[in-house]
Structures are given as C-alpha cells and as structure tokens.
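Below: one structure, written as structure tokens.
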Amino acid sequence: MHRILSKRTLAPGIREYVIEAPEVAASAKAGQFIVLRLHERGERIPLTMVNCDQETGGVTLVVQEVGKTTREMGDRFEVGDSVLDFAGPLGRPTEVENYGTVVCVGGGVGIAPLYPIVRALRKAGNTVVGIVGYRSRDLSFYDEEFREACDEFIVMTNDGSLGGKGFVSDPLREVLESGRSVGHVWAIGPAIMMKVCSELTREFGVPTTVSLNSVMIDGTGMCGGCRVEVGGVARFACVDGPEFDGHKVDFDLLMSRQGYYAEEEACSLDRYLAETSNSEKGAT
Amino acid sequence: MTREKQVPMREQAPEDRIRNFDEVPRGYTEDEAVLEAERCLQCRNAPCVDGCPVGIDIPRFIEQVKARRFADAIATIKAANALPAVCGRVCPQENQCQGVCTLGIRFEPVAIGRLERFCADWEAEHEPCCPEVAADTGKRVAVIGAGPAGLTVAGELRRLGHEVTIFELLHVAGGVLMYGIPEFRLPKAIVGREIDALCQTGVKIKVNQVIGQAQTVDDLLESGFDAVFVGTGAGLPRFLGVPGENLNGVYSANEFLTRTNLMSAYRFPEYDTPIKVGRRVITVGGGNVAMDSSRTALRLGAETSMIVYRRSEEELPARAEEAHHAKEEGIDFRLLTNPIEFLGEDGRLVGVRCIRMELGTPDDSGRRRPVPVEGSEFEIDVDTAVIAVGNGPHPLVPQTTPGLDLTRWGNIVADPETGQTSKAGVFAGGDIVTGAATVIEAMGAGKRAAAAIDAHVTSA
C-alpha cells in the first residue's frame, strides 16, 4: 500500500499527486516511469515520474483524467488514502549529457515528464530552451517551475490565451531556423505533436528524443502490448524505452495502437460515471 | 488382477466448459483415489521416483492413499514438493513419473498426477499439513521472482531455518502460475493457497519489487543477504518477425493470458482491464501456452478458435491432456501450416496469410524440420491472432548484474546441479537459465539450488 502524501489540482482534469514510495524515490532517474494499480479490480497504468523526494520518499506524478481509472483516482483517492500497487522505477533513464544547447518541447500533460529531464539537462551544463504548449490558458500548469528551470522559456496556446498563438512546432522552427547550434531536442506530448516535431527537426538534422506512452499491462517487458516500430524494428516501450529516436519512430502505428481499446475505455468510463451519478442521487 | 485402465477423472462436459472459466477436471473422490492407488505395483526399483524432477517418494504416498491414510500421503508428497496441488494439475506426467511407470509397459500407467492432486485437494478440505521449520540459522537468502523455481527455493530454505525474502516484480506472487496458466486449468485460489502455506512457514514475499532498477543483485548482497537466487523466468515474448505483426489484434500469448488471468479481463468491465477477441481467433504455436490461449479465446466468446502449427500432430510439444482437451472443445487444428503475413485494414487485423509445410530431414532437436511447400499460400480470415511461440529470458536482472555470465541468448549460465552462477553467492534456476520449460523442471532446479545455497550459507 502506498499512501498519497499530497494531491492538488493543476488545471481542470489534471491533478498532481505525491505518493509515498521510498525505494522508488531513492533510485528513479529522469525519463523513467512507474506502474500503479488503485485497487483489487484495477488496471495497471504506467505514469511517468515528475519528481522524487528522497527525504520524504515521495514520488510526484501528474495525472490527466482521461479514462475510468484516472477519473476514479481523482474522485476517490485523497491525501492519506493509499493506492494498492506501485512498482518502479521502470524503463531506461534519459541519456543526460552536455549537448550544448538543447530544446525541450512539451505538449499538454507531456510537460510533466519533461520537467525532470529539463532539470537534469540544465544540471549537466546544457543551455535549455523550453517550449510548452497547451490548448488554452486554463489548462496551463508548472509555468513557474519551467521558467525557473529553463534558460529560455516559450509558452504557446492554440487559442492565444497565454503566450504565443499556435503550436509548439512554430517556435521550435524559429529556433532551428535562427541558425543557433542546437545539440539535441526532446519532444514529449501527444503522439501527433511528437511526430510533427520529429519531422521538423529531421529537416534540420537535429537528433530528437521522444517518450512513448503506448498501451502497457505489466510495464516490465512481459506482455509486448507496448511494442512500437523504431527504424522498422519492433521495440518494447517499457524496457527498450520509453525514450526513442524520434526520427525513427513509426508514429502512425503508435497512434493506431493507442486507440485499440477506445471502445472498451469509453464503456468503462460510461459505466463508472453512471455508477457515480447514481450513488450521488442516492446520497441526496 | 490389476485393472488395465486408469480410473477416469470426472470432467466438465466440453459443451458446458467452453462457456466458463471453471476448472475442467473435477478430481478424484476418496474411493476413486483408493481404487487407482490399488493399481500401483509398488515396484522396489521405483522408476517413477527417478522420473520425478523433485524426487517425490511416489510408491510410499500411493501406498498411504491405498490405506486411506490421506494426511500421511500429503505429508510424504510435501516432504519433496511444496506445490503439490499445482504439480498434480500441470506436470507433464506422461513424460516423467508416469512415462516410466512399470505398469505402463503393458497397461495404462498409474495416474500418479491425479493421485497427487487428490492428496493436495484433500488437504485443503481437511487439516493442513504444515512442514516443520528448523531453528533459525541467522542466514538470510533473497529470492528474485515468485514463480515455481523461486517458491521452491524459498520453501526448501525456510524449512532449513534460513530467513527467506522473495522479491516479486508483479503485484501478486506465483509467476506463470498466476499470469500464464488459465483459471480453467489451474484455479488461482489453489495457487494462492499453496503460496499462503509457504508464507505460514515464515517465507516473506514482497511484491512490486523491481530488482535490477530499484535495487540490484549487488545491493541485495551488500545489504546483508548471504545468497541470492535468481528465478526471474522467461518473460520476454517472442514474435514471428513476419509483416503485419504489430497490427491491432495481434497479441503475444503473454499479453493475451496476462490480461485474462492476472488482470481478470474475462470479467471486464467489472474488472478494469479489457481484452478483445472477436469471432475468429488464430493461435500460432503447438505448446501448452498455445493450447491455453486457444481455449481461453473460446471462453472469451470466440466462435472459431484455430491453432496453427508448423509441424505435425506427432511433434506437438503440448501435454497430451491439453491437446486432448483442446480437441474435445472444438479447437480447429491447422497442422503443417505456418503464418507468413498478417493482413490488416485500417490498422486492424483481418486475416493471416499462411503457407503449407511438409516435414523434411531431422533438425538439431531431432524433430523433422518443417519446410514450406512452394506455391501453397492461402489466407484465413481472423479478428485476433495470438503468438505462442515461446519467450526469451526476462532481461532486467541479467542486464543489471555485473559479473553474471550469460549465454548468447541472454540466459544466465548456471551449474545444472547447483544453480551456481559465475558470481559468488548468486544462484539461478528455472526458465531464466534453461529457456522456457515446465513448472516442475523449474521446481527441480529450485530444489537442487536450495541444497547448494544451504551448503553455501552454512559454510560461510
């Protein structure tokens, strides 16, 4: 059992949890993930870590409430409650070196796992240009944290309600076109965003790392559900990744595989929402 | 006058059982067990004991069953085997104890597996037989992986008075017994019961432990464990490497079975993990895992469940009983057939292109090598494909333990008699050493390693 040490809402449908897992906190590195399961009937879900506090043993996670499990976690799991299972760290850590100038691009909730990578890269002596994008201002979070962690920081929103109007690929293109020497790019976010960014950096010949969130069961190399094609070869995101060379990833396959259980996910969520609204009615 | 045939075991009828996940064979009653036990010749040389990878005193326990001393019988079994309810159900007895049974020369061999199962189930319904534990030795052993090998090592060493902690990667102990072998063949409650019995002797089990990341084998040795046993199994699924294998609808058997068994996807949406089967399912492979997958597909609602195997019936590696049960349930065996491409529409599997095979000259394994018949390609419409062609070694511990010699396939090199690896204080056994094999072979390796670990920690 792993106790929830803190919980706060970062934006509508996006929550930050700190969960007690001292062994994970003591050993995890940027880029790695954990798998958690809420209760006996729960599914195992992979989540990338945002921060590890070795003193409190707390592991920080950012959870976007997209399906039944993440909604249930938001609705029913409060500070002091425990999640049943918490396993990690899993996956390979980010290859942190001094690349000179790096650009770290985050989209939506993908900026959460990007944050520890930004900090690790900065600590390794890189000049870090951070670019983050949200659909709109109300969905933004970790603004202060990024501003502090990056040497330069650019915010984009699709509707222009915060920072520049447009997509993260717009300022990325500007940086690349400016003639600055960029040693490496990280792009973490929705598959389509990582695809667009990778296509862009390929034009400029800048090595690019992406972090893939494919469907997983065990997260330890056993099921192969998370397999993706990288350079035409099947790789397991859980043990070979989650980070891969963005120029070699077949993003269309990734997106197709991510959507395989859409019907079941919708069924599960609808059932949960119906049950929740019934119990609310019962309570009133 | 010895009866020629085994006492049959009652089973759920095929037409009923393909609609549920309940266990197929019902087990012997006391009278049936006694009747079967009476068939044993009690041969003095007891070839069956040599045929048992963990060396159960088989004639003795059968004699005790015959005398209706069931509590004594289970104690005899448990002196050699910590997981009798499991082994009585999943051991390939026809190649082991029963394969060398003297009675089997002329008649059907004694149904040793069924009798073992009977004794274990009898114990569960009556008084539990708790093995004696020796006084604490003060020695500490870490076991990585709570599968058949690890559980056996733990049980043996604990009985000798050593402190044993098992580190399990998943959220439950049992390894393949929990995630792999289906409920209808090995009920999870039975596995749980045997694991509980181990814990009652004082074995500690820690789940969700990522050894190789959170802690390494070296960390364990430095933190005061006197020895480490690695029993992390063959976890990494193999695929065929043919086009279209990453389409939606193509599962590894590990994923298909893990979703169903470990995560209870057959009870979705009551349980949160889903699985998709569709109407027509093809399973590629001929081993027990292939039988398990194809039979699971039927129970999940598939109308047609096919097995595609590149050799002939004679070479099927599955236990005879599993193939027999699969046939009874209407699994469509497409033998001497091999998939060469998975066909998709909009990213989803819709068919598989196969080629017919014929058997040529024997290969390294002594089996005749299957050769494609030129121009014999054909297509089968399917919604789901399950690839059950084996697993490679689980990579986490081998990759993170310096000083551990590995084979070119990534298996750990260990002495088959002792489990000793190239690294001092580190032992290994089961599928992580041998590649995918059987539950009982892993348990046999565990037993031998336990003896060697005992000698190692006692002399240290």
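Here the protein sequences line up with chains A and B, keeping their order. In terms of my numbering, the numbers along the first sequence are unbroken and rise by one, the last being 284. In terms of my numbering, the numbers along the second sequence are unbroken and rise by one, the last being 1460. From the three backbone atoms N, C-alpha and C, an ideal C-beta is built for every residue, glycine too.
Residue-level contact to chain B via CB, residue i, 8 Å cutoff
i       : result
C52(A)  : no
T69(A)  : yes
G42(A)  : yes
V249(A) : no
L253(A) : yes
E264(A) : yes
I4(A)   : no
Closest Cα partner of residue i within the set the options
i        : options                                : result
L1335(B) : E1322(B), M1357(B), E1341(B)           : M1357(B)
D151(A)  : N126(A), S136(A), L162(A)              : N126(A)
R271(A)  : L36(A), K68(A), L5(A)                  : K68(A)
E16(A)   : A124(A), Q32(A), N98(A), L61(A)        : L61(A)
A1436(B) : P1047(B), E1156(B), W1409(B), K1066(B) : W1409(B)
Q1461(B) : G1051(B), K1066(B), I1105(B), A1111(B) : This structure does not reach residue 1461(B), given that chain B is present from 1001 up to 1460, and the question cannot be answered.
T1165(B) : L1151(B), L1177(B), H1171(B), V1172(B) : L1151(B)
D1346(B) : D252(A), Y115(A), R122(A)              : D252(A)
S211(A)  : D53(A), C226(A), H39(A), K123(A)       : C226(A)
V1352(B) : D1226(B), I1387(B), I1331(B)           : I1387(B)
N51(A)   : V132(A), E177(A), Y142(A)              : Y142(A)
K1066(B) : I1112(B), G1241(B), K1078(B)           : I1112(B)
Y1251(B) : V24(A), G107(A), V155(A), Y260(A)      : Y260(A)
I14(A)   : Q54(A), V228(A), A112(A), T208(A)      : A112(A)
R286(A)  : V182(A), F146(A), L139(A), F33(A)      : Absent from the model: residue 286(A). The displayed extent of chain A is 1 to 284, so no value can be given.
Residue burial classification, residue i (beta-carbon count within 10 angstroms, cutoff 16)
i        : result
H1126(B) : exposed
T9(A)    : exposed
E1374(B) : exposed
G58(A)   : buried
N1045(B) : exposed
H1324(B) : exposed
G1398(B) : Looking at the sequence shown, residue 1398(B) is not Gly but Pro. Buried, because 16 or more other Cβ atoms sit within 10 Å of the Cβ of P1398(B).
T1361(B) : exposed
A1449(B) : buried
M1(A)    : exposed
S268(A)  : buried
L1041(B) : exposed
T1337(B) : buried
P1402(B) : exposed
D1383(B) : buried
G108(A)  : buried
Straight-line Cα distance separating residue j from residue i
i        : j        : result
C1043(B) : I1056(B) : 15 Å
V233(A)  : K7(A)    : 40 Å
Q258(A)  : G1155(B) : 42 Å
S169(A)  : V102(A)  : 15 Å
M1443(B) : A30(A)   : 39 Å
G1366(B) : E1315(B) : 10 Å
C1091(B) : E1441(B) : 9 Å
I222(A)  : K195(A)  : It should be noted that the sequence gives Met, not Ile, for residue 222(A). In a straight line, the C-alpha of M222(A) is about 27 Å away from that of K195(A).
N1411(B) : T1434(B) : 7 Å
P1243(B) : R1299(B) : 29 Å
Q1093(B) : P1416(B) : 21 Å
G1241(B) : I1211(B) : 30 Å
R1259(B) : E263(A)  : 17 Å
V63(A)   : S1422(B) : 44 Å
N1288(B) : P1317(B) : 7 Å
G1330(B) : F1268(B) : 25 Å
D218(A)  : D240(A)  : 14 Å
K1078(B) : L90(A)   : 37 Å
S1376(B) : V105(A)  : 51 Å
Residue-level contact to chain A via CB, residue i, 8 Å cutoff
i        : result
A1214(B) : yes
T1296(B) : no
N1288(B) : no
H1394(B) : yes
P1148(B) : no
L1169(B) : yes
P1128(B) : no
D1292(B) : no
Practice prompt. Could you please tell me which residues of the region 1218–1236 of chain B, in chain order, have their CB closer than 8 Å to any CB of chain A?
Written response: G1235, L1236
Fill in: Under 7 Å (Cβ pairs) to chain A, residues found in the region 1320–1347 of chain B
G1347
Worksheet item: Going along the chain, which residues of the region 220–244 of chain A sit with their C-beta nearer than 9 Å to a C-beta in chain B?
Response: For the region 220–244 of chain A, which is checked against every Cβ of chain B, the residues closer than 9 Å are T220, G221, M222, C223, G224, G225, R227, V228, E229, A234, F236, V239.
Fill in: Residues, ordered as in the chain, of the region 76–94 of chain A that lie near chain B by beta-carbon distance below 9 Å
Residues passing the 9 Å Cβ filter: L84, D85, F86, A87, G88, P89, L90, G91.
Worksheet item: For the region 1191–1213 of chain B, which residues have a beta carbon sitting closer than 9 Å to at least one beta carbon of chain A?
Response: V1207, N1208, Q1209, V1210, Q1213
Worksheet item: Any residues in the region 15–27 of chain A with a beta carbon nearer than 8 Å to a beta carbon of chain B? Which ones, in chain order?
Response: So the list reads E23, V24, A26, S27, given in the order they occur along the chain.
Practice prompt. With 7 Å as the limit, tell me which residues of the region 1357–1376 of chain B have their beta carbon closer than that to any beta carbon of chain A; keep them in chain order.
Written response: none
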